[in-house]
Amino acid sequence: MKKSLGLFFLGLITISGYSTAASVYTFTGEIIANNFSDNTGAISDSGLAIGSTISYSFLVDTTRQGIRTTNNGTITTYDDSTTANHTIDYFYVDLISGGLGEVDGGYYNGPGYVDEYNRGLDITSSTNPSDDWVSFLGGSANNLVQIYSGGMSFVDWIIGTSPISALESTYDSTGASSVFSSLLTLESVAPVPIPPALLLFGSGLLGLLGFSYRKRID
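Throughout the sequence shown, residue numbering follows mature numbering (1 follows the signal peptide of the UniProt record, and there is no 0), covering -21 to -1, 1 to 197 in sequence.
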């Protein structure tokens, strides 16, 4: 019975769409003057300015490959690779909180432009740690968010890591852009919970399983 319960909960997590390795990474920091421009007005319309607090959250699943999806529905997978001195590893991320959003429907709406990035990248060097690089890329061609660190690999991103850089851009229907950079701290890393509706469904199945088990004993 105990083994059955373990397999049951593992299956429940699997059908929820998340792996047991999935976590939510939340970054909080401050907008800086570098690269700052607001030609669309999206930054000021959001109540943000240089010095404002900004926050992003990404779902991260290192058991899945990074992908990008274009406006016509084409999905491209990023493939891992190695060179003489570097290991290049892609994994799945999803921007679930933060970001300005596209403005007036955005500009890059042709079929080949990216509708969603889900790309984590971890580059590690076997000869020079300063060549290490880690980044999360989320959003779309119309509203792109990249969070990154040079001289670090993914395992170095632990709670309290700072500064981590971020660059966000968004475009309006005329092609005008708003861009800003920020310096962030990794505030939290939390496991992804099973969605409540699925958990309720699972608890019902578990009750039926227990009832059937008791009947067999009786």
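Yeah, the Cβ is synthetic: ideal placement off N, Cα and C, and Gly gets one too.
CB contact flag (residue i, residue j, <9 Å)
{"i": "Ser105", "j": "His65", "result": "yes"}
{"i": "Gly8", "j": "Leu146", "result": "no"}
{"i": "Ile29", "j": "Phe15", "result": "yes"}
{"i": "Asn121", "j": "Gly85", "result": "yes"}
{"i": "Ile126", "j": "Phe6", "result": "yes"}
{"i": "Gly99", "j": "Phe133", "result": "yes"}
{"i": "Asp58", "j": "Tyr71", "result": "no"}
Beta bridge counterpart(s) of residue i as assigned by DSSP
{"i": "Val82", "result": "BP columns for Val82 are empty, so no partner."}
{"i": "Glu9", "result": "Thr32 and Leu162"}
{"i": "Tyr127", "result": "Ser114 and Ser144"}
{"i": "Arg98", "result": "Leu116"}
{"i": "Tyr4", "result": "Phe37 and Val168"}
{"i": "Ile54", "result": "Thr48"}
Separation of residue j from residue i, as counted between CA atoms
{"i": "Gly80", "j": "Gly117", "result": "11 Å"}
{"i": "Gly26", "j": "Gly77", "result": "13 Å"}
{"i": "Val158", "j": "Ser36", "result": "19 Å"}
{"i": "Ile(-9)", "j": "Tyr4", "result": "Here Ile(-9) scores only 43 on pLDDT, less than 50, and its place in the model should not be relied on; the value that follows carries that caveat. Each residue's Cα considered, the two are about 19 Å apart."}
{"i": "Ser60", "j": "Ile67", "result": "5 Å"}
{"i": "Asp73", "j": "Asp40", "result": "9 Å"}
{"i": "Ile138", "j": "Ala169", "result": "10 Å"}
{"i": "Trp136", "j": "Tyr87", "result": "32 Å"}
{"i": "Asp111", "j": "Asn97", "result": "20 Å"}
{"i": "Leu123", "j": "Asp94", "result": "10 Å"}
{"i": "Tyr150", "j": "Ser156", "result": "4 Å"}
{"i": "Ile22", "j": "Pro108", "result": "36 Å"}
{"i": "Ile143", "j": "Thr53", "result": "31 Å"}
{"i": "Leu38", "j": "Ala63", "result": "31 Å"}
{"i": "Val171", "j": "Ala(-1)", "result": "9 Å"}
{"i": "Asp24", "j": "Thr164", "result": "25 Å"}
{"i": "Ile46", "j": "Ser2", "result": "18 Å"}
{"i": "residue 200", "j": "Gly20", "result": "The structure shown does not extend to residue 200, since the chain is modelled only from -21 to 197, so the question has no answer here."}
{"i": "Gln44", "j": "Thr140", "result": "24 Å"}
{"i": "residue 200", "j": "Val113", "result": "Only positions -21 to 197 of the chain appear in this structure, which leaves residue 200 out of reach."}
Secondary structure of residue i, DSSP reduced to three states
{"i": "Val171", "result": "coil"}
{"i": "Ile22", "result": "helix"}
{"i": "Ser141", "result": "coil"}
{"i": "Ser16", "result": "strand"}
{"i": "Ser156", "result": "strand"}
{"i": "Ser105", "result": "coil"}
{"i": "Asp135", "result": "helix"}
{"i": "Leu27", "result": "coil"}
{"i": "Asp59", "result": "coil"}
{"i": "Arg47", "result": "strand"}
{"i": "Tyr92", "result": "coil"}
{"i": "Asn122", "result": "strand"}
{"i": "Tyr150", "result": "strand"}
{"i": "Tyr69", "result": "strand"}
Cβ distance (whole Å) where residue i is taken to contact residue j below 8 Å
{"i": "Thr56", "j": "Gly91", "result": "The Cβ separation is near 17 Å, so there is no contact."}
{"i": "Asn13", "j": "Ser160", "result": "5 Å"}
{"i": "Ser148", "j": "Asp83", "result": "Contact flag wrong, Cβ pair sits at about 15 Å."}
{"i": "Ile10", "j": "Ser31", "result": "5 Å"}
Cβ of residue i within 9 Å of any chain B Cβ
{"i": "Thr7", "result": "Annotation note: the requested chain B is absent from the structure, which comprises a single protein chain."}
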